[in-house]
Structure formats: structure tokens, C-alpha cells
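Asks:
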Amino acid sequence: MKVTVNIDCTPQEAREFLGLPNIQPMQEKAMKQLEEKLLSGVAGMSPDAILRNWMSFNPEQFGDMFKMFGGLGGTKK
492 MKVTVNIDCT
502 PQEAREFLGL
512 PNIQPMQEKA
522 MKQLEEKLLS
532 GVAGMSPDAI
542 LRNWMSFNPE
552 QFGDMFKMFG
562 GLGGTKK
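Add 491 to the 1-based position in the sequence shown for the numbering used here, that's all there is to it.
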């Protein structure tokens, strides 16, 4: 035997019927904080900020790094 039951209700009505807590205020606060963090991160992705970061590149840093690891595949004496 197969029984199908269709219930037409809103998510809020279903939560109330099942006795689940109303977490909408907490969700709104969490989403606002997430939005603020995302928007503050987007400011660092502006073309000006990216170019400033790339232009601060110092090629001597790579030379120091290769010296520290013994060069590019060379043998250490």
C-alpha cells in the first residue's frame, strides 16, 4: 500500500508546526556580517590595489630564496 500526503504550507508554518525555533533574526545578522566581510575583501581586489601589490615585487627576493636552497638544481659544495 502506498500513501501520498501533500501539505501546502510556508516554510515558517512548517517550522512552527514541527516546533522548530525561529532563527530568522540570527540568519539576518549572520548574512549582514558575511556581506560586510565580502565587501571589505572586494576593496582589495580593485585594479589599483592589484597593480600596487604587483609593483612592490622585488626580484632580489627570488635570488635570496634560490641562494638559500642551493640554487637552481646546482650541487652544493
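Note that the Cβ used here is the ideal one computed from N, Cα and C, for glycine as well.
1. Please name the residue, chosen from M492, K493, L509, that lies closest to C500 on a Cα-to-Cα basis.
2. What is the DSSP secondary structure of D499, counted as helix, strand or coil?
3. Taking the alpha-carbon positions, what's the Q518 to A505 distance?
4. Which residues bound the alpha helix (DSSP H) around P538?
5. Quick check on G532: does DSSP put it in helix, strand or coil?
Replies: From the atom records:
1. As a first step, residue 500 must be located in the sequence shown, where it is residue number 9. Here the closest residue by C-alpha is L509.
2. Working through the sequence shown from its first residue, we reach residue 499 at position 8. Three-state result, D499: coil.
3. The residue you call residue 518 lines up with position 27 of the sequence shown. The residue you call residue 505 lines up with position 14 of the sequence shown. Roughly 17 Å between the two C-alpha positions.
4. Locating residue 538 in the sequence shown gives position 47, where the first residue counts as 1. First-last of the alpha helix (DSSP H) with P538: 538–546.
5. By one-based count along the sequence shown, residue 532 stands at place 41. Looking at G532 - three-state DSSP - the assignment turns out to be helix.
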